[in-house]
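Below: the structure, in C-alpha cells.
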Amino acid sequence: MPPSLDDPAALRRGRVAVSLLFLLFGMAIGTWTARIPAVKESLGLSDGQLSVGLLGLAAGAITGMQFTGRLVDRYGSVRVMLPVAFAEGGCLLLPGYAGNLGTLTLALFVFGTVHGTLNIAMNANAVEVERARGRPMLSSCHAVYSIGGFLGAALGGLFARADASVVATLWTTALVALGLATWGARWALPHAGQAGTPPTATSADAAAESDTVARREPPGVLFLGVLAFCCLVGEGAAADWSTVYLRDNLGSDPGFAAAAFAAFSIMMTAGRLVGDRLAAALGPVVLVRGCGILAAVGLGGALVLDHPVAGLLGFGCLGAGLSCIAPQVFSAAGNRDPSQAGRALARVAGLGYLGFLVGPVVIGGVAELSGLPRALAIPALLALFVALAAGAVRPRPERPRPAEPVSSEPRS
Numbered sequence: 007m008p009p010s011l012d013d014p015a016a017l018r019r020g021r022v023a024v025s026l027l028f029l030l031f032g033m034a035i036g037t038w039t040a041r042i043p044a045v046k047e048s049l050g051l052s053d054g055q056l057s058v059g060l061l062g063l064a065a066g067a068i069t070g071m072q073f074t075g076r077l078v079d080r081y082g083s084v085r086v087m088l089p090v091a092f093a094e095g096g097c098l099l100l101p102g103y104a105g106n107l108g109t110l111t112l113a114l115f116v117f118g119t120v121h122g123t124l125n126i127a128m129n130a131n132a133v134e135v136e137r138a139r140g141r142p143m144l145s146s147c148h149a150v151y152s153i154g155g156f157l158g159a160a161l162g163g164l165f166a167r168a169d170a171s172v173v174a175t176l177w178t179t180a181l182v183a184l185g186l187a188t189w190g191a192r193w194a195l196p197h198a199g200q201a202g203t204p205p206t207a208t209s210a211d212a213a214a215e216s217d218t219v220a221r222r223e224p225p226g227v228l229f230l231g232v233l234a235f236c237c238l239v240g241e242g243a244a245a246d247w248s249t250v251y252l253r254d255n256l257g258s259d260p261g262f263a264a265a266a267f268a269a270f271s272i273m274m275t276a277g278r279l280v281g282d283r284l285a286a287a288l289g290p291v292v293l294v295r296g297c298g299i300l301a302a303v304g305l306g307g308a309l310v311l312d313h314p315v316a317g318l319l320g321f322g323c324l325g326a327g328l329s330c331i332a333p334q335v336f337s338a339a340g341n342r343d344p345s346q347a348g349r350a351l352a353r354v355a356g357l358g359y360l361g362f363l364v365g366p367v368v369i370g371g372v373a374e375l376s377g378l379p380r381a382l383a384i385p386a387l388l389a390l391f392v393a394l395a396a397g398a399v400r401p402r403p404e405r406p407r408p409a410e411p412v413s414s415e416p417r418s
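Just so we're aligned: the sequence shown equals residues 7 to 418 in this note's numbering.
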C-alpha cells in the first residue's frame, strides 16, 4: 500500500528522493562535460565535428522533453521518473564506447533523450511534493542539481588528472547514479493520482475528458516559457562569454577571467539554497521581481563601469539574480493545472533550454556587429523584462469544486 500523502515522514522521504535525482542529473552532465576534451582527442575530432556530436545531445534533450509531458500526465511522474533515473547512468556510458563521430552523435542523442525526459519527470515530481508539503522546495532541488554538476565536473577532472580513461570515469559516475536511483526509488512520493482511490468514471467519460484536456493548455504557460527563455539566455551567456569578456575586453589575466564564471556559478547555487525561504517569506512575485532587478542592474552596471573587478561582481550578481527565477517559473507552470503539469513543464523547460542554446549564439552574432559589451546588454535587458513581468508567477486561485448534492431524505 503506498504511503499517505498526508504522512509527514513520507513527505520528508519524498523530498529527499527527488533531491537525490536532481543530484544524479547534475552529476551525469557534469562528468560528461569534464571529459569532452578527452573524447575529442581520442576520436581525433575537429572543433566543427565535435559541435555536430554535441548537437546530438541537444536534439535528444529537446526530443525527450517534448514527449515526456503527456507520459507524466497519463502515468504519473514517479512511473516515468524512476525508470529513466536508472537509465540515465547506463546511457551515460554510451559516449565512452563511441568509435567515430557517427556513433558518438547517436550515443549523445540517446543520452540526451533520457536526460531531457528525467528533467521533466523529476521537476513534475518536485512540484507534486512541494504542493503536498504546502511549502516551497523547488529552488533547493535546483541547488542540489548545481551541486551535482560541480561534483560531476570535479570527479571528471580528477580522473582526467590521473590520466584515467573516459570509460572508467563514466562507469564510476554510472555506479553512483545507480545507487542514487535505487535510494530514490525506495523513498519516492507516489503521484497524487496514484495514491488515492481509482476514478469511477466510465472509460468513455475518461476518454472524452482526456481529449478535452489535451486541447486546452493551462493559461499563461506559454508566457512562463518566455520567462524561462529569458532566464536561460543569461545562464548561457555567462557560461560561454563571461571569461571571454573579462579576458579580451577588460584585459584580465586568464586566471582572473575564469573567476567570472566561477562567481556566477557560486552565487547561483547560494541563491538557490536560500530561495525556498525567500519564496515563503516574500512570495514568488516579489522574489522574481527582486531577482530580475538584481541581475539586470548588476550586469548592466558592470558593463558601464568597464573594469575587471566590476565584471567579476557583475556576473556574480547575474548568478544570484537568475538563481531563483527558473525554480519559481517551473513551480508556477506545474501548478497551473496539476492534471497537465507534465505538459506545462515540458513547454516551459523546452523554451528555457532553447534560450540556453540560442542565446549565446545570438550574443556572438551581435558581438561581431557592435562588440561584446553591447551584446552582453541583451541578458541584462531580458532580466529587466522578467522583473517587469514577475506577476506571471503569481499563484492562481484553485477552481472551486462542485458541491456534493445534499440528500433530501430525512435522517434516521
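By construction, the Cβ of each residue, glycine as well, lies at the ideal position given by its N, Cα and C atoms.
For residue 346, no alpha helix (DSSP H) run applies, since DSSP gives it neither H nor E. Annotation for residue 383: the continuous alpha helix (DSSP H) segment containing it runs 383-394.
Under the 8 Å Cβ criterion, the region 295-312 does not count as touching the region 161-180, having fewer than three qualifying pairs. In the same chain as residue 123, and ignoring 5 residues on each side of it, the C-beta atoms closer than 6 Å to its own belong to 70, 74, 90, in chain order. Within the model, the alpha-carbon separation for residue 58 versus residue 119 is close to 16 Å. Per DSSP, reduced to three states, the secondary structure at residue 195 is coil, with no helix or strand assignment. Within the region 24-78, the complete alpha helix (DSSP H) segments at least 4 residues long are 42-49, listed from N- to C-terminus.
Residue 131 sits in a helix when the DSSP states are folded into three classes. Rounded to the nearest whole angstrom, the C-alpha separation of residue 72 and residue 349 is 8 Å. Nearest in C-alpha terms to residue 162, of all of 178, 354, 149, is 178. Per DSSP, residue 314 is one residue of the alpha helix (DSSP H) stretching across 314-329. In the structure shown, the three-state DSSP call for residue 143 is coil. Following the DSSP letters along the chain, one finds residue 295 inside the alpha helix (DSSP H) bounded by residues 290-311. Around the CB of residue 103, fewer than 16 other CB atoms lie within 10 Å, so the residue is classed as exposed. Residue 145 is positioned such that its CB atom lies no closer than 7 Å to that of residue 275.
Distance between residue 355 and residue 326, taken at the CA atoms: about 20 Å.
In the three-state DSSP reduction, residue 242 falls in the helix class (H, G or I). Put simply, the backbone Cα of residue 190 is about 7 Å away from that of residue 24.
Judged by DSSP in its simplified three-state form, residue 264 adopts helix. Taking one beta carbon from each stretch, the region 39-59 and the region 103-113 have 3 or more pairs nearer than 8 Å; the two touch.
Counting every other CB atom within 10 Å of its CB across the protein chains shown gives residue 164 a total below 16, marking it as exposed. For residue 95, the enclosing alpha helix (DSSP H) starts and ends at 83-98. In the displayed model, residue 171 falls within coil according to three-state DSSP, outside both helix and strand.
With contact defined as three or more Cβ pairs closer than 8 Å, the region 307-315 and the region 271-289 are not in contact.
Taking C-beta separations shorter than 8 Å and ignoring five residues to either side along the sequence, the partners of residue 135 in its chain run 17, 20, 21, 24, 143, 195, following chain order. Relative to residue 110, the option among 31, 38, 368 whose CA is nearest is 38.
Residue state for residue 258 is assigned as coil, using DSSP reduced to three classes.
Segment contact: the region 389-396 against the region 260-271, fewer than three CB-CB distances shorter than 8 Å; contact not assigned. Around the Cβ of residue 188, a 10 Å sphere holds fewer than 16 other Cβ atoms; the residue is exposed. Taking all protein chains in view, the Cβ of residue 277 is crowded by 16 or more other Cβ atoms within 10 Å, so the residue is classified as buried. Going by C-alpha positions, residue 365 is about 6 Å away from residue 242.
For residue 358 against residue 332, the beta-carbon gap comes to about 7 Å, under 8 Å, which counts as contact. A straight line joining the alpha-carbon of residue 246 with that of residue 132 spans about 29 Å. Counting other Cβ atoms within 10 Å of its Cβ, residue 315 stays below 16 and is therefore classed as exposed.
For residue 373, the three-state secondary structure derived from DSSP is helix.
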